[in-house]
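This report refers to the structure that appears directly beneath it.
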């Protein structure tokens, strides 16, 4: 007789025990959650919650309190989400500084732009002496157009001059275009007289300096972006820009000038000394000599250091050391927009119009301006 050992599957009972243990654990967890929830409802200070867990309450009353509680919870979540969105988009508060004193208050910059900045005598002299007696047809009109060059005038008239080979080859590079404009525009002493600053008489040429803007050639008072050198300059400009301030002890808080030219409209821009008159600013006054005094009020807004803990997107402003521009030592909205337009120009023609500062590329000549207009027009057409 053979005796064989009986094979017993020892894993099966263990598996059954494991399944029973797992089922028991889930049941225990469910009982614990039910008990904890009941205890929370019974001891909660939230109004109406404890009535849901009381066993003696009828179902209708429990359902009523549950509905009220659910509506309250949903409303609370909606309010929290809206407050969070508001914190992300508008977390700052602008308050009125009641103890602000009028000392070291910066005076704004004043940019003065003539609709026709060209001096006819200087224009004739430049054409006869510099260009020579034989100049291409429409040379005079082109020089006047270049002196008041703007994006609008480029689009309207560049094809007329660029399609003429003689005019297109008149200037070798954009530097000559900029130099030519400085040779034919009005000098400050032929435009302005009897200038005053804070009630004291000053030489107009010591206060008003040439500046190229997106609206053409202008003169500016107290502007950081004015030209550093120009042909009729009488004294060198200081290396560091000296901003004009007003004080409580000053007898007057005003800048005054008179103009010789009575036939042209003068656009006047009032802005911060670090800003520049451009496409992002509108003229406060188109002066036709019928207004003698223009008064304005200034809002001086500053940001506290506590705002640094917010992101730039939240506070909608930047500190001076956070972003650096190639065209300005101080970050401003208008300077940022101007640099964006310059980069767009360089993407189209590898150049910038001569009313911009030079940042690595060359100034545009007639053919470059024509290319700029045609390229940007096709790009806009494609985008639309």
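Residue numbers (the working numbering): 82 to 465.
Every residue, glycine too, gets a C-beta built ideally from N, C-alpha and C.
* **Among 335, 433, 416, nearest to residue 451 - alpha-carbon criterion** => Of the candidates 335, 433, 416, the one whose C-alpha sits nearest the C-alpha of residue 451 is 433.
* Since residue 294 is in the beta strand (DSSP E), which residue starts that stretch and which ends it? -> It spans 289-294 - the beta strand (DSSP E) in which residue 294 sits, taken as one unbroken run.
* Per DSSP, residue 297 forms a beta bridge with which residues? -> The partner list for residue 297 (beta bridge, DSSP) reads 294.
* Asked: In three-state DSSP terms, what is residue 398?
  -> In this structure, DSSP gives residue 398 a state outside helix and strand, which the three-state scheme calls coil.
* To do: Rounded to whole angstroms, what's the CA-CA distance from residue 122 to residue 150? Just pull it up for me.
  => Between residue 122 and residue 150, the C-alpha separation is close to 11 Å.
* Asked: If you draw a straight line from the C-alpha of residue 324 to the C-alpha of residue 188, how long is it?
  -> In this model, residue 324 and residue 188 are separated by some 8 Å (Cα to Cα).
* What span of residues does the alpha helix (DSSP H) with residue 133 cover, start to end? -> Note, residue 133: alpha helix (DSSP H), 130-134.
* Any idea what DSSP makes of residue 367, helix, strand or coil? -> Three-state DSSP puts residue 367 in a strand.
* Extent of the continuous beta strand (DSSP E) to which residue 35 belongs -> Nothing about residue 35 can be read from this structure; the chain reaches only from 82 to 465.
* **Proximal residues to residue 295 (C-beta, below 7 Å), its chain only, five neighbours per side dropped** => Scanning its chain for C-beta atoms nearer than 7 Å, with the 5 sequence neighbours on each side dropped, one finds around residue 295 the residues 231, 232, 359, 360, 436, in chain order.
* Asked: If you drop the 5 nearest sequence neighbours on each side, which residues of the same chain put their C-beta closer than 6 Å to that of residue 327?
  -> These residues qualify, in order along the chain: 186, 188, 334.
* Asked: I think residue 258 touches residue 444, with their Cβ atoms under 8 Å apart; what is that distance to the nearest whole Å?
  -> The Cβ separation is near 6 Å, so the contact holds.
* Asked: For residue 343, which of helix, strand or coil comes out of DSSP?
  -> Residue 343: coil per DSSP, three-state reduction.
* **Through-space distance from residue 315 to residue 415, alpha-carbon basis** => For the pair residue 415 and residue 315, the Cα-to-Cα distance works out to about 31 Å.
* Asked: Got a sec, what are the start and stop residues for the alpha helix (DSSP H) residue 247 sits in?
  -> Run containing residue 247: 246-249, per the alpha helix (DSSP H) assignment.
* Within 9 Å, strictly: CB atoms of residue 340 and residue 272 -> Yes; because the gap between Cβ atoms is below 9 Å, this pair is in contact.
* Asked: Taking just the CA atoms, how far does residue 322 sit from residue 463?
  -> Note on residue 463: pLDDT 39, under 50, position unreliable in the model; no value is reported.
* To do: State buried or exposed for residue 168, treating a residue as buried only when at least 16 other CB atoms are found within 10 Å of its CB.
  => So residue 168 ends up on the exposed side.
* Asked: Roughly how many angstroms lie between the CA atoms of residue 157 and residue 353, to the nearest whole one?
  -> Roughly 45 Å between the two C-alpha positions.
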